Amino acid sequence: MRPIDQRSRAGGVTRWGSGEADTAAKFAAIVLVMAGTRASDADRDACVEDIESAFADGRINDPERESRTQSALQATTLGELSALVADLRPETKTTPRPKAPPTPKFEELPSLSPDPPAHVISRGALLVVLVVSAVVAFIALVIWAFSGTGDKDAGPDPSFPSLPATSAPTITPQPPVLKGKLALHTATGFAKFVDLTHAKFGTTLVESAALYPDYASVNIATAANPRHTERWYFAKGYEGSPSKGTTAPNTPLIDLAQVNTAAMASAIKRSPSVLGVENVDTTYVILNAWEGQPAMSIYVSNDFHETGYWVFSLAGKEIFRYAFE
Numbered sequence: 001m002r003p004i005d006q007r008s009r010a011g012g013v014t015r016w017g018s019g020e021a022d023t024a025a026k027f028a029a030i031v032l033v034m035a036g037t038r039a040s041d042a043d044r045d046a047c048v049e050d051i052e053s054a055f056a057d058g059r060i061n062d063p064e065r066e067s068r069t070q071s072a073l074q075a076t077t078l079g080e081l082s083a084l085v086a087d088l089r090p091e092t093k094t095t096p097r098p099k100a101p102p103t104p105k106f107e108e109l110p111s112l113s114p115d116p117p118a119h120v121i122s123r124g125a126l127l128v129v130l131v132v133s134a135v136v137a138f139i140a141l142v143i144w145a146f147s148g149t150g151d152k153d154a155g156p157d158p159s160f161p162s163l164p165a166t167s168a169p170t171i172t173p174q175p176p177v178l179k180g181k182l183a184l185h186t187a188t189g190f191a192k193f194v195d196l197t198h199a200k201f202g203t204t205l206v207e208s209a210a211l212y213p214d215y216a217s218v219n220i221a222t223a224a225n226p227r228h229t230e231r232w233y234f235a236k237g238y239e240g241s242p243s244k245g246t247t248a249p250n251t252p253l254i255d256l257a258q259v260n261t262a263a264m265a266s267a268i269k270r271s272p273s274v275l276g277v278e279n280v281d282t283t284y285v286i287l288n289a290w291e292g293q294p295a296m297s298i299y300v301s302n303d304f305h306e307t308g309y310w311v312f313s314l315a316g317k318e319i320f321r322y323a324f325e
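Reading the sequence shown from the start, the letters are residues 1 to 325 in my numbering.
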């Protein structure tokens, strides 16, 4: 059984025991209540795993995967999480859409050319207009040349008010936007992630973070009150709007800058063999408090729900190991 997913499923359908009609009604009422129950981090992580499995099976594409994952990481109730994976079941036949009406041929389209002008100026009248205009322009040029207004050395007219001087607008620097996603399970990708976090929030202190291969969910401690947190989604930078929460008193904060990136990357590569999990299809890193101290936990699992996890201090010292047997 996965440490973060305690749901029981068989063949993609939840199995319930048989009972009388009143039992079914009571169960329906319980389901309605559970839909509004506040979701935990474990519930959100379990929903993300279902989305990852659907993406691996080809049932959703990458934009859908990214959109659903962001919604799952910011969901607050079990009902919201359930809605995100409700359609991730085997495909069913659908009624084909009616064909679009045929596009009219080019010759059937109405003419867009304008009507011919009602009046046409003769060439003689046009010549008279041009000659008169040239004479008027020549007279105006002579008057300007003999007047004092054409003197280049003349200063500005004191009667004309000057415009006040303005300073250049101040531009607030913004965190850079990535062209592609970072490989967060590598030392280089994680170091870039830490730099972008500091550029965005002015700190690298977090209450917790879940790092997947190319995206993350980060619970940032606010500067005004460290117990107040904002959960952000990170893919090509920090995106969307955060969900807010409050941590328990004396919860230790995690400094992303203190993570030994080389030790983390090495442990991720070694986890499948050390933890005894073959054909791993899901790997993620959790940064949070473990028995009162900052720690990083590496989780691996496969399609057969074989799971293991490996816990280290931020410096890379092993604390605990749960291997699949």
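No residue lacks a Cβ here, since even glycine has one placed at the ideal position from N, Cα and C.
These numbers were taken from a predicted model, which means no experiment stands behind them.
Can you check which of these residues, the options, is closest to residue i by C-alpha distance?
i	options	result
Pro249	Thr188, Arg227, Thr261 and Ala262	Arg227
Gly308	Ile319, Asn302, Ala323 and Pro294	Ala323
Ser40	Arg65, Leu73, Ser67 and Asp50	Leu73
Ser67	Gly276, Asp255, Tyr233 and Gln258	Tyr233
Gly79	Asp43, Asp303 and Thr204	Asp43
Leu211	Pro294, Tyr284, Asn288 and Gly316	Tyr284
Pro252	Val259, Ala235 and Ala295	Ala295
Thr246	Gly237, Asn225 and Thr204	Asn225
Pro213	Val206, Asp303, Thr197 and Ile268	Ile268
Ile199	Leu287, Ala315, Ser208 and Ala257	The amino acid at residue 199 is misidentified as Ile; the sequence shows Ala. Closest option to Ala199, Cα to Cα, is Ala257.
Lys244	Thr229, Ala56 and Thr69	Thr229
Ser297	Asp87, Ile220, Gln70 and Val259	Val259
In the DSSP assignment, the alpha helix (DSSP H) including residue i goes from what residue to what residue?
i	result
Lys200	Ala187 to Phe201
Gly79	Leu78 to Val85
Leu389	The requested residue 389 is not part of the displayed model; the chain covers only 1 to 325.
Pro63	Asp62 to Gln74
I'd like the span of the beta strand (DSSP E) that includes residue i, first residue to last.
i	result
Ile220	Ala216 to Ala221
Lys317	Unbroken run through Lys317: none, as it is neither H nor E.
In the DSSP output, which residue or residues are listed as bridge partners for residue i?
i	result
Val48	Answer by DSSP bridge pairing: none, since Val48 is not bridged.
Lys244	Glu230
Gly237	Ala235
Can you say whether residue i is buried or exposed, counting buried as having 16 or more other CB atoms within 10 angstroms of its CB?
i	result
Glu108	Summary for Glu108: the model assigns pLDDT 46, below 50, so the residue's position carries little reliability, and this model does not support an answer.
His185	buried
Thr282	buried
Ala223	exposed
Ala216	buried
Phe320	exposed
Glu49	buried
Lys93	Confidence at Lys93 is low in this model, with a pLDDT of 44, below 50, so its placement is unreliable and no value can be given for it.
Thr273	Contrary to the premise, residue 273 reads as Ser rather than Thr in this sequence. The residue in question, Ser273, is exposed, as its Cβ has fewer than 16 Cβ neighbours within 10 Å.
Gly276	exposed
Arg38	exposed
Using a Cβ-Cβ cut-off of 8 Å, state whether residue i counts as contacting chain C.
i	result
Ser273	No chain C is present in this structure, which holds just one protein chain.
task: Note down, one range per segment and in chain order, each beta strand (DSSP E) of at least 3 residues found wholly within the region 251–311.
output: Correct list: 282–290 and 293–301.
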